[in-house]
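> Sequential numbering of the sequence shown, starting at 82, is according to my numbering. Glycine included, every Cβ here is placed at the ideal spot set by N, Cα and C. Just so it is clear, the structure is predicted and the values come from calculations on it, not from any experiment.
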Amino acid sequence: MHPEPLSPPHAFAPQPIGHRLLVIPATLQLDPAPDQILLRIDPGGAFGDGAHPTTQLCLAAIQRHLPKMGQAGRGMIDLGAGTGILSIAAAKLGAGPILAVDIDAESVTVARANAALNQVGAHLRVEQGSLADVLAGRFGLTQAPLVVANILAHVLVDFFAQGLAEAVTPGGVLILSGILRTQGPEIRARLGWHGLTLVAEERREEWICVLARRDGILGET
82 MHPEPLSPPH AFAPQPIGHR LLVIPATLQL DPAPDQILLR IDPGGAFGDG
132 AHPTTQLCLA AIQRHLPKMG QAGRGMIDLG AGTGILSIAA AKLGAGPILA
182 VDIDAESVTV ARANAALNQV GAHLRVEQGS LADVLAGRFG LTQAPLVVAN
232 ILAHVLVDFF AQGLAEAVTP GGVLILSGIL RTQGPEIRAR LGWHGLTLVA
282 EERREEWICV LARRDGILGE T
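(1) Within 10 angstroms of the Cβ of residue 82, are there 16 or more other Cβ atoms? Answer buried if so, exposed if not.
(2) Pull up the DSSP beta-bridge partners for residue 261, would you.
(3) Report the CB separation of residue 283 from residue 142 in whole angstroms; it is logged as a contact under 8 angstroms.
(4) Roughly how many angstroms separate the alpha carbons of residue 293 and residue 198, rounded to a whole number?
(5) Leaving out five residues on either side along the sequence, give the residues of the same chain with a beta carbon under 6 angstroms from the beta carbon of residue 232.
(6) Give me the Cα-Cα distance between residue 164 and residue 192, rounded to the nearest whole angstrom.
(7) Roughly how many whole angstroms lie between the Cα atoms of residue 108 and residue 95?
(8) So, helix, strand or coil for residue 281, using DSSP?
(9) Curious, which full-length alpha helix (DSSP H) runs of at least 4 residues does the segment 129 to 193 contain?
(10) Cβ of residue 297 within 8 angstroms of Cβ of residue 252?
(11) Taking contact to mean 3 or more Cβ pairs, one atom from each stretch, closer than 8 angstroms, check whether the segment 203 to 211 and the segment 98 to 118 are in contact.
(12) Taking the C-alpha atoms as reference points, what is the distance between residue 238 and residue 271?
(13) Grouping DSSP H, G and I as helix and E and B as strand, with all else coil, what is residue 268?
(14) Which residues does DSSP pair with residue 294 in a beta bridge?
(15) Exposed or buried, which one is residue 288 when buried takes at least 16 other CB atoms within 10 Å?
(16) Along the beta strand (DSSP E) that carries residue 224, what are the first and last residues, could you check?
(17) Let me make sure I understand the geometry here. Which of 100, 97, 118 and 295 has the alpha-carbon closest to that of residue 200?
(18) Just the C-alpha distance for residue 290 and residue 254, rounded to the nearest angstrom, thanks.
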């Protein structure tokens, strides 16, 4: 049995992201436009209703990058999943298998409910855990050609120290946000230290999102 969407659902304004995605409240009845993808989200007490610039930056980056990935290599790891919005969007855009983790139990409950609401449970696994748990193989998937983390910069710094780059398949891509412009140099420096090359950087208000590629050939072990 799928978990029921959390109740009462939280209301927020629909958020268009890029040319295909539209984030809407869970209970809003709306027919998508041609080629439009609806993301029905009940935020509950978790982060990620589509309104924050970092969420928008990550959704846009995922939307741009996924078409460039081969059909055989569309796995993804979402670190600090919150409502699950990034993983749900990726699943609806064709990614999978997807592992979404969060250390917060309430966020895991919210993300699982949202995954069921959006009917992507077959492609998305949501678990309570940390980067260390992922790398240790606790959830099976330890590495993916796409890794996303929208979380505070000081946590990203800790992630790098814990082996964040190892979660990215050689030749794969890492998308990071939750980074203030003033924190950009600290994060960019760590990319180089850990065998990652900056590919793109997008800005919105005081926030940035970086897309980096892990050195090596995709699929190389």
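Quick answer:
(1) Any reading at residue 82 must be qualified, since the residue scores a pLDDT of 32, below 50, and its modelled position is unreliable; the value itself is stated next. Residue 82 comes out exposed.
(2) 288
(3) 7 angstroms
(4) 31 angstroms
(5) 161 and 259
(6) 4 angstroms
(7) 12 angstroms
(8) strand
(9) 134 to 146 and 166 to 173
(10) yes
(11) no
(12) 8 angstroms
(13) helix
(14) 254 and 278
(15) buried
(16) Segment: none, residue 224 is in no beta strand (DSSP E) and carries neither H nor E.
(17) 118
(18) 13 angstroms
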